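All residue numbers for the sequence shown refer to our numbering, where the first residue is 17 and numbers rise by one.
Positions of the beta carbon are idealized from the N, C-alpha and C atoms, including for glycine.
Values in this document were obtained by computation on a predicted structure and should not be read as measured data.
Read the structure below first, then the notes.
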Amino acid sequence: MSKADFPKIPEKTEEERKKEYIGGIKKTAISGIFGIFAGIISFYLAGEGQVRAGFGFTVLAFAILIQKYIYPLINVTGDLKPKDWFYIGFMTLSFWLVSWTLLLN
Numbered sequence: 017m018s019k020a021d022f023p024k025i026p027e028k029t030e031e032e033r034k035k036e037y038i039g040g041i042k043k044t045a046i047s048g049i050f051g052i053f054a055g056i057i058s059f060y061l062a063g064e065g066q067v068r069a070g071f072g073f074t075v076l077a078f079a080i081l082i083q084k085y086i087y088p089l090i091n092v093t094g095d096l097k098p099k100d101w102f103y104i105g106f107m108t109l110s111f112w113l114v115s116w117t118l119l120l121n
């Protein structure tokens, strides 16, 4: 196989790269903010006991799902692929876990 047999990957312009970079920063910042708020709300709803820990997980799920409607409002355009949603969910989960753990201690 020669190089000519492989499909050519189109080059992105400087403007397209900058737009993707800013979109990535917005996704990270918004998911972090939602994760921190979800951790604080989970602490106040679930308290320190194990009895109502399910409320904390419900708040986390709501924080991830509400972001679907937030991103179009802040001009993160384009379709969000499953890879993007995995990243958003993981970042929200991470910030939620850290903030809730700090408040529990």
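Does the Cβ of Lys28 have 16 or more other Cβ atoms within 10 Å, making it buried, or fewer, making it exposed? Counting of Cβ neighbours within 10 angstroms places Lys28 among the exposed residues, the total staying below 16.
Of the listed residues Pro23, Tyr60 and Ala77, nearest to Phe102 (C-alpha basis): Minimum Cα-Cα distance from Phe102 among the listed residues Pro23, Tyr60 and Ala77 corresponds to Ala77.
Opening and closing residue of the alpha helix (DSSP H) in which Ile52 lies: Here the alpha helix (DSSP H) through Ile52 covers Glu30 to Ala62.
To the nearest angstrom, how far is the alpha carbon of Phe13 from that of Leu81? The shown model of the chain, from 17 to 121, leaves out residue 13, and the question about it has no answer.
I need the boundaries of the alpha helix (DSSP H) containing Gln83, first residue and last residue. Looking at the DSSP string, the run of the alpha helix (DSSP H) that includes Gln83 is Ala69 to Ile86.
Label Ser58 either buried or exposed according to how many other C-beta atoms from any shown protein chain fall within 10 Å of its C-beta, with 16 as the threshold for buried. Taking every protein chain shown into account, the CB of Ser58 has 16 or more other CB atoms within 10 angstroms, so this residue is buried.
Going by C-alpha distance, which of Gly40, Ser18, Ala54 and Gly70 is nearest Ser115? Across the set Gly40, Ser18, Ala54 and Gly70, the C-alpha of Ala54 shows the shortest separation from the C-alpha of Ser115.
Taking just the CA atoms, how far does Gln83 sit from Gly48? Whole-angstrom Cα-Cα distance: 11 Å.
Could you check whether Ile52 and Phe111 sit closer than 9 Å to each other, using their CB atoms as the reference points? A Cβ-Cβ contact shorter than 9 Å links Phe111 with Ile52.
Under 9 Å, do Ile104 and Leu96 count as touching if we go by C-beta distance? Contact: yes.
Should Phe22 go down as buried or exposed, given a rule of 16 or more other Cβ atoms within 10 Å for buried? With fewer than 16 other Cβ atoms inside 10 Å of its own Cβ, Phe22 counts as exposed.
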